[in-house]
Amino acid sequence: MSSGVNACLIIVLLRVLFTDSTHSNQVMLLDTTTVLGELGWKTYPVNGWDTITEMDEQNRPIHTFQVCHVMEPNQNNWLRSNWISRQAAQKVFVELRFTLRDCNSIPWVSGTCKETFNLYYMETDESHSVKFKPGHYTKIDTIAADESFTQTDLGDRILKLNTEVREVGPITQKGFYLAFQDIGACIALVSVRVYYKKCPFTLRNLATFPDTIPRMDSSSLVEVRGTCVNNAEERDTPKLYCGADGDWLVPLGRCVCSRGYEELDGTCFACRPGFYKAFTGNTKCSKCPLHSFTYDEGSSLCQCEAGFFRAGKDPPTMACTRPPSPPRNVVFNINETSLFLEWSPPSDTGGRSDLTYNVLCKKCGSDPEQCELCGGGLRFFPRPQGLTNASVTVLDFAAHANYTFEIESLNGVSELGSFPRPVAAITVSTEQGGPSLVGMVKKDWASPSSIALSWQEPEQHDTAVLDYEIKYYEKEHEQLSYSSTRTKTPSAIIAGLKPSTHYVFHVRARTSAGYSSYGPKVEYETGDDASNMAADQGQVLVIVTAAVGGFALLVILTLFFLITGRCQWYIKAKMKSVEKRRANCLNGHIPSPEVKTYIDPDAYEDPTQAVQEFAKEINPTWIHIERVIGAGEFGEVCSGRLRPPGMREIPVAIKTLKGGSVECQRRDFLREASIMGQFDHPNIIRLEGVVTKSQPVMIVVEYMEKGSLDSFLRKHDAQLTMIQLVGMLRGIAAGMKYLSDMGYVHRDLAARNILVNSNLVCKVSDFGLSRVLEDDPEAAYTTTGGKIPIRWTSPEAIAYRKFSSASDVWSYGIVMWEVMSYGERPYWEMSNQDVILSIEEGYRLPAPMGCPVALHQLMLHCWQEERSHRPRFTDIVSFLEKLICNPSSLLPLVEDMESLPESPGDVSDYPLFISIGDWLDSIKMSQYKNNFLAAGYTTLDSVSRMSIEDVRRTGVTLIGHQRRIVSSIQMLRLQLLHIQETGFHV
């Protein structure tokens, strides 16, 4: 029987075409399909397993181990491999490919034929042959076939090849042996592959990451810091995390190309001659600006051509420039009070826009060569240097004189060249100017607010003086502001001055020919202000009297409001509740009649009043404490029994306030009872009552036998059915829907704050965020206003402390992930800052192993960045209920969808898209995001109903782009219909 079956097996196995299934993240330790010679494996007994080596149709060896002693009872046939070095592995994977014959197809073997075999291993540091002893081997697993063959199958040449993979580890010694035990099956072991997984060398964001061996613990990640490629620099520290399956996760940070280098195909290349890059970053090299050049590779700056310059503040991207040419077309206009100079800009500005002008004045006599610089008597408006407009006004010029004005044009590089300044000049004669200067100005008398002045008339009497102008200003405020007045006589009284203040005066005369220059400046002081002291003292007395009266009135009003306000504190607390309910209605949220509105205990001026209203006082003699089960911030947590008179005894948990607590701690402790006492829902922890009139102060709640959800999940890893897990999630969502309808925001929803009873009913608990969150110092991120549990908190709550039901929905998505991963820590060992950064960069937690597609899709919707796009708890409860009623919708798993071959007709392709932007990015049509939004398409549902005409109306004009988008819409429509069969609308 054995030889006949084996012969048939060989015939079939020769038809096998082996395909290379090695992945880049697998390091092969053994692959029997690639060994060219004999394997040399040992069999015990010798006549148990048969070793056969044949060639397949591609002339490749097939090492086959067969056994089929199904007619004889009590078979115990062993096959042992050679010693296998583990290299760097801590955990290895053994892949077996085999065929197995159905016992029912073999006659007369009842009771002796088996359909399984066993896999063993033994660790050893010795690589030489070790004597075989079955007792030294550790069992890995019993291997069964998913597909078995019959004699008919062999006749039809139908090969049913099974593939099974088993993990082995941790392995601590240098190597190991594998052993296969046959106990009476008809088996052909076609191939054995032994490998371990690694995160392979990779290049991400211009940083290299070396081969990395994952940790043995599948829930831990290995943080790996990358090394920037040549000619690159760190912008943010590049990191990747190596997962247990050899996959790189959560890319953080990046490197950027240095100056003179640009990114190309994942590395940094030097800029070509004639090109440059002045700044570190992932921008491309640019062509040298105008009038600059470079002949070298990797240039960060282009040199200016001869005669061209770059100013110190000019960016490297700016063209090189040169000084301007002289101003043009200088003209002047003189009237009786001023000289106005004007000119045209230079014909060549040098390529710059920072053009300015300087005006230099020279005063000349009858001989043009005898000129001297003008003194300080002239005034230029707005100034003589740094003019931005092509004009200037000159004041206080002298009559009967010749002036030469030189106008110089400058720009930002004028100081860099050694060449003559570009100047335009013009000569102005004031022979027809005004009269001579007035004589010395003297003070006749002074008072605290005025000064009387007089002066001599001008010496020339050719024309009559029409009037005089007196200009004056405070000495301390010179050049800031001045005043002027006129008089027809050579004297004046200047009023409105400050007491005991020095003033500067100068005077000029006006005739029909114009103004003279101002005369010499003189300085005089006003009188003191002793005469005004009495009036000021009277004003102070009035002010003091008014202040005393106002203070008395304020005291009376304060006492009145304190008395009346103390009597109305309870009314105010109730009014806040009414106002909150009214606001909800105005916003379109009308709570159902059976749901109350949450009242914040802080609305009460006396916190004990809130406790009395919402919590029942319990006689401490009704409570029997049995044992301590934990410790909180305020004291111990115990389990016990509560037996009120005439009622049945019930198990309870008792929170106690430790002795010596101050009043504020007592108030914070009872605040949680004031909150819990307002809730009445099967998925919210129930408050039985409080003890406040005796010591110790206690809060008594229902007892949850299974403890916190995270601990429960870790203790029962992989022991719950999918329906049980979804039922637990549905209970949590129902409790949160109740809280949301009441207007209560939890702010700390996490598996550690969910309690589980003996019926696996989950109840939301822990309604005080101000307590210590965990022993882990990184569990909370402290900002103004308290601690925030980063791993469970939405981005807007972390950044802006915007807590809402939408932020609770984000936290609920994290709880879903905790449940589906059986209590793993969200984001594993990443630091809080890395978690924040990764979320900002769009990273979301991947689906845990064995997670249905529908549940991970719900998680992703809970983690949408825009909080208004997240589902409500009402939607979540409805969705989960439909999943429970339709269990087949939970069968498609994420890992199954990811392993499907890419096919445009596969409606289960994973993942579905969270937003229109994600969808357009996936089909490389992201340039049309704004078109879709402007046309009113804001959800994937609306997009799935678009026709080709609708696509054209959004502004997509290219025929090829229209076809790509319409084809993708058809696929999207099928995907949405597939997921909506479970009742959840994306």
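For the sequence shown, the residue numbers in my numbering are 4 to 989.
Ideal Cβ positions, reconstructed from N, Cα and C, are used throughout, including at glycine.
Give the straight-line distance between the Cα atoms of residue i and residue j, rounded to the nearest whole angstrom.
{"i": "ARG228", "j": "PHE212", "result": "7 Å"}
{"i": "GLY51", "j": "ASN121", "result": "15 Å"}
{"i": "ASP924", "j": "GLN930", "result": "9 Å"}
{"i": "PRO217", "j": "ALA91", "result": "10 Å"}
{"i": "LEU252", "j": "LEU293", "result": "46 Å"}
{"i": "SER295", "j": "PHE282", "result": "17 Å"}
{"i": "LYS201", "j": "SER881", "result": "42 Å"}
{"i": "GLY826", "j": "ARG104", "result": "41 Å"}
{"i": "THR127", "j": "GLN93", "result": "14 Å"}
{"i": "ARG976", "j": "VAL969", "result": "10 Å"}
{"i": "VAL748", "j": "SER807", "result": "6 Å"}
{"i": "TRP86", "j": "ILE143", "result": "17 Å"}
{"i": "THR941", "j": "SER714", "result": "41 Å"}
{"i": "SER302", "j": "GLN836", "result": "37 Å"}
{"i": "ASN890", "j": "ASN77", "result": "The identity of residue 890 in the sequence shown is Pro, whereas the question assumes Asn. About 43 Å."}
{"i": "VAL362", "j": "TRP346", "result": "11 Å"}
{"i": "LEU243", "j": "GLY269", "result": "16 Å"}
{"i": "LEU255", "j": "GLY43", "result": "48 Å"}
Mind checking whether residue i and residue j have CB atoms under 7 Å apart?
{"i": "TYR264", "j": "ASN234", "result": "yes"}
{"i": "HIS72", "j": "THR35", "result": "no"}
{"i": "LEU848", "j": "VAL729", "result": "no"}
{"i": "ASP447", "j": "SER432", "result": "no"}
{"i": "PRO329", "j": "GLY353", "result": "no"}
{"i": "ASN1006", "j": "PHE343", "result": "Residue 1006 lies beyond the residue range present for the chain, which begins at 4 and ends at 989; the question has no answer from this structure."}
{"i": "ILE726", "j": "CYS765", "result": "no"}
{"i": "GLN703", "j": "ILE621", "result": "A quick correction: the sequence has Val, not Gln, at residue 703. Their beta carbons are under 7 Å apart, which means VAL703 touches ILE621 by this criterion."}
{"i": "CYS231", "j": "CYS189", "result": "no"}
{"i": "PHE68", "j": "THR54", "result": "yes"}
{"i": "PHE152", "j": "THR115", "result": "no"}
{"i": "ILE926", "j": "ARG967", "result": "yes"}
{"i": "CYS106", "j": "GLU118", "result": "yes"}
{"i": "VAL767", "j": "ILE817", "result": "no"}
{"i": "PHE770", "j": "MET679", "result": "yes"}
Using a Cβ-Cβ cutoff of less than 8 Å, which residues in the same chain neighbour residue i once the five nearest sequence positions on both sides are dropped?
{"i": "LEU39", "result": "PRO64"}
{"i": "GLN698", "result": "GLY662"}
{"i": "PHE564", "result": "Per-residue confidence for PHE564 stands at a pLDDT of 44, beneath the threshold of 50, marking its modelled position as unreliable; the derived number appears in the next sentence. For PHE564, where only same-chain residues beyond five positions count, there are no Cβ hits under 8 Å."}
{"i": "ARG644", "result": "ILE626, HIS627, GLU629, GLU652, ILE653, PRO654 and VAL655"}
{"i": "TRP922", "result": "PHE916, LEU943, VAL946, SER971 and LEU975"}
{"i": "GLN965", "result": "ILE951, VAL954, ARG955 and VAL959"}
{"i": "SER487", "result": "GLU472, ILE473, LYS474 and TYR475"}
{"i": "ARG262", "result": "LYS280, ALA281, PHE282, THR283 and SER303"}
Helix, strand or coil, according to DSSP, for residue i in the structure here?
{"i": "CYS307", "result": "strand"}
{"i": "GLN540", "result": "For GLN540, the predicted model reports a pLDDT of 43, less than 50, meaning its position is unreliable; a value from the coordinates is still stated below. It is helical."}
{"i": "MET949", "result": "coil"}
{"i": "PRO241", "result": "strand"}
{"i": "HIS505", "result": "strand"}
{"i": "ASP909", "result": "Below a pLDDT of 50, predicted positions are generally treated as unreliable, and ASP909, at 38, falls in that range; the measurement from the model is reported next regardless. Note: ASP909 maps to coil in three-state DSSP."}
{"i": "HIS480", "result": "helix"}
{"i": "HIS719", "result": "coil"}
{"i": "TRP820", "result": "helix"}
{"i": "LYS177", "result": "coil"}
{"i": "SER892", "result": "helix"}
{"i": "LYS766", "result": "strand"}
{"i": "LEU776", "result": "The predicted position of LEU776 is uncertain, since its pLDDT is 34 and thus under 50; a value taken from the coordinates is nonetheless stated next. Looking at LEU776 - three-state DSSP - the assignment turns out to be coil, as it is neither helix nor strand."}
{"i": "ASN405", "result": "strand"}
Keeping to the same chain, check which residues put their C-beta closer than 6 Å to that of residue i; ignore five residues upstream and five downstream.
{"i": "LEU673", "result": "VAL614"}
{"i": "TYR830", "result": "ARG794 and VAL838"}
{"i": "SER356", "result": "none"}
Less than 7 Å between C-beta atoms, sequence neighbours within five positions excluded: which residues of the same chain meet that for residue i?
{"i": "LYS661", "result": "PHE637 and GLY638"}
{"i": "LYS740", "result": "PHE876, THR877 and VAL880"}
{"i": "ARG669", "result": "LEU660 and VAL700"}
Consider the Cβ of residue i: report whether some Cβ of chain C lies at a distance smaller than 7 Å.
{"i": "THR624", "result": "No chain C is present in this structure, which holds just one protein chain."}
- [ ] Only counting runs of 3 or more residues, tell me where the beta strand (DSSP E) segments fall wholly within the stretch 75 to 137, in order along the chain.
- [x] 80 to 83, 95 to 103 and 119 to 127
Task: In chain order, each beta strand (DSSP E) run of at least 3 residues that lies wholly inside the stretch 243 to 269 - done: 251 to 260 and 264 to 267
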